[in-house]
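**Q**
2 protein chains.
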Amino acid sequence: MAELLTISEVAKRSGVAASALRFYEDRDLISSERAGSGHRRYPRSVLRRIAFIVFAQRVGLTLTEIAGELSKLPPHRAPTRSDWSRLSSGWTSRIDERIAELERLRAGLTECIGCGCLSLDRCKLANPDDRASRAGPGPRYWVGDPRPA
Amino acid sequence: MAELLTISEVAKRSGVAASALRFYEDRDLISSERAGSGHRRYPRSVLRRIAFIVFAQRVGLTLTEIAGELSKLPPHRAPTRSDWSRLSSGWTSRIDERIAELERLRAGLTECIGCGCLSLDRCKLANPDDRASRAGPGPRYWVGDPRPA
DNA sequence: CTACAAGCTCAAGTGAGCTTGAAGTCAAGG
DNA sequence: CCTTGACTTCAAGCTCACTTGAGCTTGTAG
Chain X
283 MAELLTISEV AKRSGVAASA LRFYEDRDLI SSERAGSGHR RYPRSVLRRI AFIVFAQRVG
343 LTLTEIAGEL SKLPPHRAPT RSDWSRLSSG WTSRIDERIA ELERLRAGLT ECIGCGCLSL
403 DRCKLANPDD RASRAGPGPR YWVGDPRPA
Chain F
283 MAELLTISEV AKRSGVAASA LRFYEDRDLI SSERAGSGHR RYPRSVLRRI AFIVFAQRVG
343 LTLTEIAGEL SKLPPHRAPT RSDWSRLSSG WTSRIDERIA ELERLRAGLT ECIGCGCLSL
403 DRCKLANPDD RASRAGPGPR YWVGDPRPA
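Just so you know, the sequences run in chain order X and F.
Using the working numbering, you'd call the opening residue of the first sequence number 283 and step up by one each time.
Using the working numbering, you'd call the opening residue of the second sequence number 283 and step up by one each time.
In structure tokens form, the structure reads like this:
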């Protein structure tokens, strides 16, 4: 098994398109050495880094946030388990909040839409007089986003 | 209290920007009558419709999907509770799947990243040889998306 | 009557996350 | 030698969900 991987090998093994890998490199999420030809050569460790990126995306982080996290890794040595786990230690609460929101929504499906109370000014799933607190795409007025007093 | 609401009143009460309301109208998610001036006038029932839209977005539907759902409502009478609940009846499984994914991710935080096994070809959170099944933004290779055999 | 806020339409811009296309390089096989 | 295919860069395009701006009209308060 080769020491260094080509971009198509990495794409195949990671499931991430080569174009996306170049894009990630552009955004400083990953890096590559170059063969004499100018072609990218990746150490196997890039696969773990990509796994982390994909994982983080599913959790809900933007590429910018992920880049910020990755920049905290030690620059000149291979990251250890604890390096990786330190990065993701804050995610649990993020995941928990999102799960809680989804559970509220699921409850609202029967309790609010089902009972006919779905209404922006009365339903306990809505928060009436808030201005936008844009914590992501789409309107964010459901409970779960901070409610300005 | 006025029978019909202006766009800014609706924006204020719903928390959705006026520009977004015009955009939704363009996409046939909502509709308005017009005053003699050409200004939009909304019946109060639009608030419930908007609530539904916001709700559906948080669940994860695109505006196109939401438009599809809304078009199933009876065209010439006010929707009843059961009309609304019929629309959202399929969402529970969608929410459950997403919650399940988030729980897997949370588990992976300690079991996989924590233990150092985070790796696209070995970790049980990854699915090795899949091609993209784009069921949303970002790469979709983690368990939870269908795995082509 | 005059401000000025609020509304209108239509076109273009935004940002996230990529993909696609054009034009060129390089190594291996026939 | 020539083709094929994998690779390169750079610019442009795309989807989603809106927002912003230009230019114009309407409604309301003083």
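A virtual CB, placed ideally from N, CA and C, is assigned to each residue, including glycine.
Values in this document were obtained by computation on a predicted structure and should not be read as measured data.
Identify, in the order they occur along the chain, each residue of the same chain with its Cβ nearer than 7 Å to the Cβ of X:Trp366, setting aside the five sequence neighbours on each side.
**A** Phe334
**Q** Once you ignore the five residues that flank F:Leu384 on each side, which residues in its own chain have a CB closer than 8 Å to its CB?
**A** none
**Q** Pick out the complete alpha helix (DSSP H) segments inside the segment 288–359 of chain F, 4 residues or longer, and give them in chain order.
**A** 289–296, 300–308, 327–341 and 345–352
**Q** Of the choices X:Ser370, X:Leu303 and X:Gly318, whose alpha-carbon is the least far from that of X:Leu311?
**A** X:Leu303
**Q** Check whether the Cβ of F:Arg388 lies closer than 7 Å to any Cβ atom in chain X.
**A** yes
**Q** Of all the options X:Ser353, X:Tyr306 and X:Val341, which has the alpha carbon lying nearest to the alpha carbon of F:Ile381?
**A** X:Val341
**Q** Can you pull out the residues from the segment 348–368 of chain F whose beta carbon lies closer than 9 Å to at least one beta carbon of chain X?
**A** If the cut-off is 9 Å between Cβ atoms, the segment 348–368 of chain F has Thr362, Arg363, Ser364, Trp366 and Ser367 near chain X.
**Q** How would you list, in chain order, the residues of chain F whose beta-carbon sits under 7 Å from the beta-carbon of X:Ile377?
**A** Those are Leu384, Leu387 and Arg388, listed as they occur along chain F.
**Q** Since F:Gly390 is in the alpha helix (DSSP H), which residue starts that stretch and which ends it?
**A** Trp373 to Gly390
**Q** Is any beta-carbon of chain X found at less than 7 Å from that of F:Arg404?
**A** Since pLDDT at F:Arg404 reaches only 47, below the 50 mark, its modelled position is unreliable, and no value is offered.
**Q** According to DSSP, is F:Ala408 part of a helix, a strand, or is it coil?
**A** Low confidence applies to F:Ala408: its pLDDT is 42, below 50, so where it sits in the model is not reliable enough to give any reading.
**Q** Please name the residue in X:Leu343, X:Arg368 and X:Arg316 whose C-alpha comes closest to that of X:Leu355.
**A** In terms of Cα proximity to X:Leu355, the closest of X:Leu343, X:Arg368 and X:Arg316 is X:Arg368.
**Q** Got a sec? Which residues, its chain only, sit under 7 Å from F:Ala360 by beta carbon, not counting five neighbours each side?
**A** These residues qualify, in order along the chain: Ser327.
**Q** Expressed to the nearest angstrom, what Euclidean distance is found between the alpha-carbon atoms of F:Phe337 and X:Arg323?
**A** 46 Å
**Q** Can a CB atom of chain X be found closer than 7 Å to the CB of F:Ser301?
**A** no
**Q** Please decide whether F:Ile381 counts as near chain X, where near means a Cβ-Cβ distance under 7 Å.
**A** yes
**Q** In the segment 321–341 of chain X, which residues sit with their C-beta less than 9 Å from some C-beta in chain F, listed in chain order?
**A** Within the segment 321–341 of chain X, the residues whose Cβ lies closer than 9 Å to some Cβ of chain F are Leu329, Arg330, Ile332, Ala333, Phe334, Ile335, Val336, Phe337, Gln339, Arg340 and Val341, listed in chain order.
**Q** To be precise: take each residue of the segment 283–298 of chain X, compare its Cβ to all Cβ atoms of chain F, and keep it if any distance is under 7 Å. Which residues remain?
**A** Arg295, Ser296, Gly297 and Val298
**Q** By Cβ distance below 8 Å, which residues in the same chain neighbour X:Glu347 in space, the five residues on each side in sequence not counted?
**A** Ala338
**Q** Are X:Arg388 and F:Ile332 closer than 7 Å when you measure CB to CB?
**A** no
**Q** Consider the Cβ of X:Leu391: report whether some Cβ of chain F lies at a distance smaller than 7 Å.
**A** Closer than 7 Å: yes.
**Q** For X:Ser364, count neighbouring Cβ atoms within 10 angstroms of its own Cβ and tell me buried if that reaches 16, exposed if not.
**A** exposed
**Q** Consider the Cβ of F:Pro430: report whether some Cβ of chain X lies at a distance smaller than 7 Å.
**A** Any reading at F:Pro430 must be qualified, since the residue scores a pLDDT of 29, below 50, and its modelled position is unreliable; no value is offered.
**Q** Kindly indicate which three-state DSSP category F:Asp403 falls into: helix, strand or coil?
**A** At F:Asp403, the pLDDT of 46 sits below 50, so the modelled position is not reliable; the number obtained from the coordinates is stated separately. Three-state result, F:Asp403: coil.
**Q** For F:Leu286, write down the residues that DSSP places opposite it in a beta bridge.
**A** F:Pro325
**Q** Do the CB positions of X:Leu345 and X:Arg309 come within less than 7 Å of each other?
**A** yes
**Q** Hey, would you say F:Ala299 sits closer than 7 Å to F:Ile289, going by beta carbons?
**A** no
**Q** With a cut-off of 8 Å on the beta carbons, I'd call X:Leu352 and X:Val292 a contact; round off their distance for me.
**A** Going by Cβ atoms, the distance from X:Leu352 to X:Val292 rounds to 16 Å, so no, they are not a contact pair.
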